[in-house]
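*Asks:* Residue numbers (our numbering), protein chains in the order written: chain A, 1 to 382; chain B, 383 to 484; chain C, 485 to 1020; chain D, 1021 to 1114. To start, I am sharing the structure in question, which I have written as structure tokens.
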Amino acid sequence: MMKNKASIVIIGGGVIGCSAAYNLSKRGLKDIVLVEKKFLASGATGRCGAGIRQQWGTRQNCFLAKKSMEIFENFRDYVDTKIDIELKQKGYLLLAYSDKEVDQFEKNIFIQHEYGIPSRILEPEESLEIVPFLNIEKLKAAAFCPTDGHANPFHVTAAYAEAAKKNGVTILKDTEVLGINKSKGRITGVETSKGLIETEKVLNAAGSWAREIGKMAGLDLPVFSERHEILVTEPVNSILDPMVMSFSYNIYCQQSPHGSFIMGYGPENEGHNHRINSSCNFLENMSKKATWLLPPLKKLRIVRQWAGSYNISPDKQPIVCESEELAGFYMAIGFSGHGFMLSPAIGIYLTDLILKEEPPFDITVDLGRFERRETISEPSVV
Amino acid sequence: MRIEKHPILTFERGKEIYFIFDGKRIKAFEGETIAAALHADGIIKYNTSPKLHRPRGLFCAVGHCSSCLMTVNGVPNTRICVTRAKEGMIVHSQNPRGDLND
Amino acid sequence: MIETDILVVGGGPAGISAALACGRNNIKTVLIEERDFLGGQLIKQTHRFFGSKEERAGSRGIRIAEDLMNEIKKNKNIDLYLDARALGYYEEEKIFTVLQNGRMLKFSPRKLIIATGAFEKSLSFENNDLPGIYGAGAVQTLMNIYGVKPAERVLMIGSGNIGLIVSYQLIQAGVQVVGVIEAAPEIGGYAVHASKIRRLGVPLYTSHTIKKAIGNEFVTGAEIIELDRNWNEIKGTEKKIDCDCICLSVGLSPLVDILSQSGCEMVYIPELGGEVPVRNENMQTSIDNIYVAGDLAGIEEATAAMLEGELAGLCAANTFINDVKQDERIEKIKNNLEVLRSGPKGSKIRSGLNKLIKGETFFQGGRNTGSEIEAFKKTGIPSGENLRSILPDEKRINETPFALIECFQEIPCDPCVNNCPFGAITEGTDINNLPKIDYSKCTGCGSCISRCPGLAIFLINKNYSENTSTVSMPYEMLPVPQKGEIVDVLDREGKKIVSGKVVKVLKNEKMDKTNVISVEIPKEFFNVARNIRLVK
Amino acid sequence: MMKEDNIIVCRCEDVTLKDIRELIKRGYTNIEEIKRITRCGMGPCQGKNCGQIILREISMITGIPVEKLTLQRYRPPFGGIKFSEVLGENNDEK
């Protein structure tokens, strides 16, 4: 049965939408409807590299990441689920190739320690204790946080969604949003491919399609979509514990608990569009990068490559707020590739925002920051 | 279990060679796949499956499924149904996944 | 980067035909094949082909493969890459990647013809992953390519043409086939193929399915169960069969990985085997520069694959050449394909193609299966009524030797017509018609026996002596009996009826290993004796 | 009753018929969802063995005809390729 009335319509069945749905329902909000064009985690969530990192360079990100990791660590109790999210905490090893980068890592670690993130600087030789086959040529130093890690994005999303359903949330899959109805400056409903849902509140958690959803409400949201490619190898018995990552060499690579290596890098000159096809160029470049950094991988077979779409904001930091132009229009967009790892904390923050309660934490994630020129400058992103 | 005489076909077998499977010396003819040689020797259980530990053997024989993956000369996850046997090859069944040793 | 006009992926019958069509027209063509030999499934096909003379009916698949391979190798326009596996097509960059000899090759083709064939469907039953459970293709690979017996006692699941043919091949390889299981109430493949294995004593269980494989480390047996009309298991009909191999032959699915990945529009059509690319009558997909041919465009026989391959090749090449002759040839191929698919056994493919090309959800035209006879379809053994319908009159029977064609199912096939030196066999204008013998012209020469792909023709000499007749029959087993040898004579179910003496063994090169054995038996058995077994 | 946990749908990832049926009953009725949760189709065969069986199961439980369901998208590189092979460094066992 189509539900035709809702207290809020959440647009997008990715990890952000599902986390919001779960948190809102947990706090007692009734008649929540989540609409998803395809199926849960079919967009960026299901295509991401699945890493969870706490080693950030801004207080805000350190806080959100630490908070999120705490939730991931206690996910079964927190979300009341039987689903195993396959959390693996074997650390992130961040590689520095210049003195400037080393300086930055040291500054970052200072901030990270304020939040109880157990990161530390390693000499190149020390990093061999963590990854014995790492190529340390040109390496100046590394930063390591042993509690960073990996979780399964499909399982996390499914756990949120199933718990939300148990709390009474209606999840409509294969349902496309066609328009957002307004009257006298207020939202009145959401037109979907399965009919109209009357509501006064909308949460735009549409990921790659956030800008298009904004347009339906007459808003010009400053986000765009960009293809990021990724590949995965055949599984082998575990040899690589941490996520190995370099900002300047532009690569990330991790072995999942299942045994396969997942890796990618930030693209250049991609343009703003919704392309998610794979390229031969990526396959070749990735192979060069990965085997230079981790030489034993040469013998390993790549079994699949795919791409996802980052939703990128001007400062590559999330936009989580209510629109100032249109009351009742909430957004959790522009995660710029970090939505999965931040989803637990963002779900909580959104809940307070939507329930009009005091924000649970003091962060600058509103849309107004760009006009106020208070953009967040996070130094540590791929 | 090699077919010596066939009413329609003639089998032109290559040179007799030997490889090692899990410590056992196996006869093969040049041009034969590892799987065919193991079969001729009566070895039909290849592996134990990674999660449920079920016995597995040959299945598709055309390199499409994952039933026959073995470590061949140190390279894990090699499909022995399409990999030709070579003199002196070292073949190992995998448990649970292959090892990527340097 | 390797530039080429046409890149053909897959060196089976469809791909080879496509490459030849292009190469013959002086178009630069690359043919890539995953194995180190060409021919695809033809390589495993030791039986003779059905179809018409033009498509080389009556020849064994392996011989057709040899000829095609030679032509490919001689054609200077065709660059052949063996041991070359397709990795993917990057549409945006127009790069096709291939793995050969441990290197990734990059091709930049103007047109692609994908002819990757099919893969075998699997089946859900208990312990369906035990060692000893093999796809029919695997069994064929082991025994026909490497000459290795897959097992000693095989239970075949599925009675489509592949299941029946592989059962026959297993017996040729010296393996016992303990039964053929078919879930449907009737045989899936050509009845003549079923008759062949029935004569060899193989039990056929229609309306049965496999419930489980028995064994701890490998297969030691199987439990089968009967199905009712609604395909539900009938409790209490479980039956254990001892075997050391369960061979799955439950159908093929188009191997569409490259097409799916490239972004070709796909559609699921059960009659064609599953997901197939949307295409037009010229084999062109929704991506303009990608053409398809063969099993991946819908599961069919090798003859159709060869025709489709040539069609795809010519249509893709038509963008480089503008020769009216090619248009004529294209029309001719389309017509040949239509004829091939027009019989009762082609109804499935016709229905599938109508859905695919015309978007029709039902199909009209073509003949129905009304002329087939029930018992025969269930058992593979002709009924009394079947046999009466083909026997000449009493007078003719007693005059001179005569041929008897035990062919009761309309399939596209005509070698018997083309191999009768006296023009005694006709089938009218439609290749699907049943052959008819004009007994006033039949001299009993027996030329037709070894050319029938169904091994369904026998020669009867009723009055060989006062008390005996001879029956001459095709024989493709080892060892071949000697003249004068006493053998067991078997009926159409493979049961011994009497002992008989071999009076003639005919074998020559033209017969390509289908020997004709004449055996002397008491007169009463002239219409019963249909096989022999050597006495050990 | 069939022992569904003894029926292997996906050899690559050891997924049983029981696993698949439970997921479909929990509302995961798209083959892409089932792929992501169970890894069916993520193994070396990319769903060649399991795909049609899963479609049939979805169809049986949901009543949606198989023709209306879609199979998962295949992804390159098919059959796998070693990094060294992509790079053209032939240091193979061959």
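Beta carbons are placed, not taken as given, at the ideal position from N, Cα and C, and that holds for glycine. Since this is a predicted model, take the numbers as computed values, not measurements.
Assuming residue 72/A and residue 242/A make a contact with CB atoms under 8 Å, what is their CB distance in whole Å?
*Replies:* Working through the first sequence from its first residue, we reach residue 72/A at position 72. Working through the first sequence from its first residue, we reach residue 242/A at position 242. Rounded, the Cβ-Cβ distance is 16 Å, inconsistent with contact.
*Asks:* Closest Cβ-Cβ distance between residue 572/C and chain B: below 8 Å?
*Replies:* By one-based count along the third sequence, residue 572/C stands at place 88. Not closer than 8 Å to any Cβ of chain B, the Cβ of residue 572/C fails to qualify, so no.
*Asks:* Comparing the C-beta of residue 484/B with each C-beta of chain A, is any distance below 8 Å?
*Replies:* The sequence position of residue 484/B within the second sequence is 102, counting from 1. Legend: pLDDT at residue 484/B = 48, less than 50; position of this residue unreliable, value from coordinates given subsequently. Yes, residue 484/B counts as interfacial toward chain A.
*Asks:* Helix, strand or coil for residue 303/A, going by three-state DSSP, please let me know.
*Replies:* In the first sequence, residue 303/A corresponds to position 303, counting from 1. DSSP places residue 303/A in strand when its eight states are reduced to three.
*Asks:* Helix, strand or coil for residue 154/A per DSSP?
*Replies:* Walking along the first sequence from the start, residue 154/A turns up at place 154. Correct three-state label for residue 154/A: helix.
*Asks:* Hey, quick one: how far does the beta strand (DSSP E) through residue 475/B stretch, first residue to last?
*Replies:* Your numbering for residue 475/B matches position 93 in the second sequence. Segment 472-475, the beta strand (DSSP E) holding residue 475/B.
*Asks:* What three-state label does DSSP hand residue 1033/D in the structure shown?
*Replies:* As a first step, residue 1033/D must be located in the fourth sequence, where it is residue number 13. Note: residue 1033/D maps to coil in three-state DSSP.
*Asks:* For residue 269/A and chain E, any beta-carbon pair shorter than 8 Å?
*Replies:* The chain inventory of the structure shown lacks chain E, comprising the protein chains A, B, C and D.
*Asks:* Thinking just about the alpha-carbon of each residue, which of 1093/D, 1027/D, 1056/D, 1047/D is nearest to the one in residue 1079/D?
*Replies:* Position 59 of the fourth sequence, counted from the first residue, corresponds to residue 1079/D. Checked all of 1093/D, 1027/D, 1056/D, 1047/D; the closest Cα to residue 1079/D is 1047/D.
*Asks:* At least one CB of chain B closer than 8 Å to the CB of residue 1093/D: is that the case?
*Replies:* On the fourth sequence, residue 1093/D is found 73 positions in, with the first residue counted as 1. It does not: the Cβ of residue 1093/D has no partner Cβ on chain B nearer than 8 Å.
*Asks:* What did DSSP end up calling residue 21/A once you bin it into helix, strand or coil?
*Replies:* Taking the first sequence and counting its residues from 1, the one referred to as residue 21/A is at position 21. Residue 21/A falls in the helix class under three-state DSSP.
*Asks:* Run through chain D and tell me which residues come within less than 7 Å of residue 434/B, C-beta to C-beta.
*Replies:* Along the second sequence, read from residue 1 onward, the residue named residue 434/B stands at position 52. Neighbours of residue 434/B on chain D, chain order: 1034.
*Asks:* Give the DSSP bridge partners of residue 972/C, in chain order.
*Replies:* Taking the third sequence and counting its residues from 1, the one referred to as residue 972/C is at position 488. Paired residue(s): 983/C, 1017/C.
*Asks:* Compare the C-beta of residue 1028/D with all C-beta atoms of chain C and state if any pair is closer than 8 Å.
*Replies:* Here residue 1028/D refers to the residue found at position 8 of the fourth sequence. For residue 1028/D, the answer is yes, since a Cβ of chain C falls inside 8 Å of its Cβ.
*Asks:* Using C-beta distances below 8 Å, list every residue in its chain close to residue 739/C, excluding the 5 sequence neighbours before and after it, in chain order.
*Replies:* Taking the third sequence and counting its residues from 1, the one referred to as residue 739/C is at position 255. Cβ neighbours of residue 739/C beyond the five flanking positions: 600, 601, 602, 603, 779, 780.
*Asks:* Please tell me whether residue 1044/D has its Cβ less than 8 Å away from any Cβ of chain A.
*Replies:* Mapped onto the fourth sequence, residue 1044/D falls at position 24. Answer no: the Cβ-Cβ gap between residue 1044/D and chain A never drops below 8 Å.
*Asks:* In angstroms, rounded to a whole number, what distance separates the CA positions of residue 702/C and residue 787/C?
*Replies:* As a working mapping, residue 702/C is identified with position 218 in the third sequence. As a working mapping, residue 787/C is identified with position 303 in the third sequence. Taking the straight line joining both Cα atoms gives about 37 Å.
*Asks:* Taking a Cβ distance cut-off of 7 Å, strictly less, list which residues of the segment 1061-1088 of chain D are near chain B, in chain order.
*Replies:* Under the 7 Å Cβ criterion, the segment 1061-1088 of chain D contributes 1063, 1064, 1065, 1068, 1069.
*Asks:* Mind listing, in chain order, the continuous beta strand (DSSP E) runs of no fewer than 3 residues lying wholly within the segment 30-105 of chain A?
*Replies:* Correct list: 32-35, 92-96.
*Asks:* Residues in the same chain with beta-carbon distance under 7 Å from residue 103/A, minus the five sequence neighbours each way, listed in chain order, please.
*Replies:* One-based indexing of the first sequence puts residue 103/A at position 103. Result list for residue 103/A: empty, nothing under 7 Å.
*Asks:* Give a yes or no on contact between the segment 665-679 of chain C and the segment 757-765 of chain C, applying the rule of three or more CB pairs nearer than 8 Å.
*Replies:* Touching, no.
*Asks:* For the structure I just gave you, are there three or more beta carbon pairs, one from the segment 52-64 of chain A and one from the segment 331-350 of chain A, closer than 8 Å?
*Replies:* Short answer: they touch.
*Asks:* Assuming residue 211/A is part of the alpha helix (DSSP H), what are its boundary residues?
*Replies:* Here the question's residue 211/A lines up with position 211 in the first sequence. Looking at the DSSP string, the run of the alpha helix (DSSP H) that includes residue 211/A is 210-216.
*Asks:* For a quick check, are the C-beta atoms of residue 894/C and residue 870/C less than 8 Å apart?
*Replies:* Here the question's residue 894/C lines up with position 410 in the third sequence. Here the question's residue 870/C lines up with position 386 in the third sequence. Taking 8 Å as the Cβ cut-off, residue 894/C and residue 870/C do not qualify as a contacting pair.
*Asks:* Is it true that the CB of residue 725/C sits closer than 8 Å to the CB of residue 708/C?
*Replies:* The residue you call residue 708/C lines up with position 224 of the third sequence. The residue you call residue 725/C lines up with position 241 of the third sequence. Going by C-beta atoms, residue 708/C is nearer than 8 Å to residue 725/C.
*Asks:* Just to confirm, is the Cβ distance from residue 814/C to residue 598/C under 8 Å?
*Replies:* As a working note, residue 814/C is residue 330 in the third sequence. As a working note, residue 598/C is residue 114 in the third sequence. Taking 8 Å as the Cβ cut-off, residue 814/C and residue 598/C do not qualify as a contacting pair.
*Asks:* So the candidates are 158/A, 20/A, 43/A, 141/A; which of them puts its Cα closest to the Cα of residue 1058/D?
*Replies:* To locate residue 1058/D, count along the fourth sequence from 1; it is residue 38. Of 158/A, 20/A, 43/A, 141/A, the residue nearest in Cα terms is 158/A.
*Asks:* Kindly indicate if chain B contains any beta-carbon less than 8 Å away from that of residue 1047/D.
*Replies:* For the purposes of this step, residue 1047/D is taken as the residue at position 27 of the fourth sequence. No, residue 1047/D does not count as interfacial toward chain B.
*Asks:* To the nearest whole angstrom, what separates the beta carbons of residue 207/A and residue 20/A, a pair I think is in contact under 8 Å?
*Replies:* Position 207 of the first sequence holds residue 207/A. Position 20 of the first sequence holds residue 20/A. Wrong, their Cβ atoms sit about 13 Å apart, outside the cutoff.
*Asks:* Would you tell me roughly how many angstroms separate the C-alpha atoms of residue 6/A and residue 197/A, rounded to the nearest one?
*Replies:* Indexing the first sequence from 1 puts residue 6/A at position 6. Indexing the first sequence from 1 puts residue 197/A at position 197. Going by the C-alpha atoms only, they are around 7 Å apart.
*Asks:* Look up residue 640/C in the DSSP assignment and say whether it is helix, strand or coil.
*Replies:* Here residue 640/C corresponds to residue number 156 of the third sequence, with the count starting at 1. In this structure, residue 640/C counts as strand in the three-state DSSP scheme.
*Asks:* Compute the Euclidean distance between the alpha carbons of residue 325/A and residue 9/A, then round it to the nearest angstrom.
*Replies:* As a first step, residue 325/A must be located in the first sequence, where it is residue number 325. As a first step, residue 9/A must be located in the first sequence, where it is residue number 9. Answer to the nearest angstrom: the Cα atoms are 18 Å apart.
*Asks:* Cβ closer than 9 Å: which chain A residues qualify as neighbours of residue 1107/D?
*Replies:* As a position in the fourth sequence, residue 1107/D is number 87, starting the count at 1. Near residue 1107/D (Cβ distances below 9 Å), the residues of chain A are 284, 287, 288, 291, 298.
*Asks:* Am I right that residue 571/C and residue 1103/D are in contact with their C-beta atoms under 8 Å? What's the rounded C-beta distance?
*Replies:* As a position in the third sequence, residue 571/C is number 87, starting the count at 1. As a position in the fourth sequence, residue 1103/D is number 83, starting the count at 1. Wrong, their Cβ atoms sit about 13 Å apart, outside the cutoff.
*Asks:* Under the three-state reduction of DSSP, which class applies to residue 582/C: helix, strand or coil?
*Replies:* For this step, residue 582/C is matched to residue 98 along the third sequence. The answer is strand: DSSP assigns residue 582/C an E or B state.
*Asks:* Distance, Cα to Cα, residue 945/C vs residue 903/C?
*Replies:* As a position in the third sequence, residue 945/C is number 461, starting the count at 1. As a position in the third sequence, residue 903/C is number 419, starting the count at 1. Whole-angstrom Cα-Cα distance: 20 Å.
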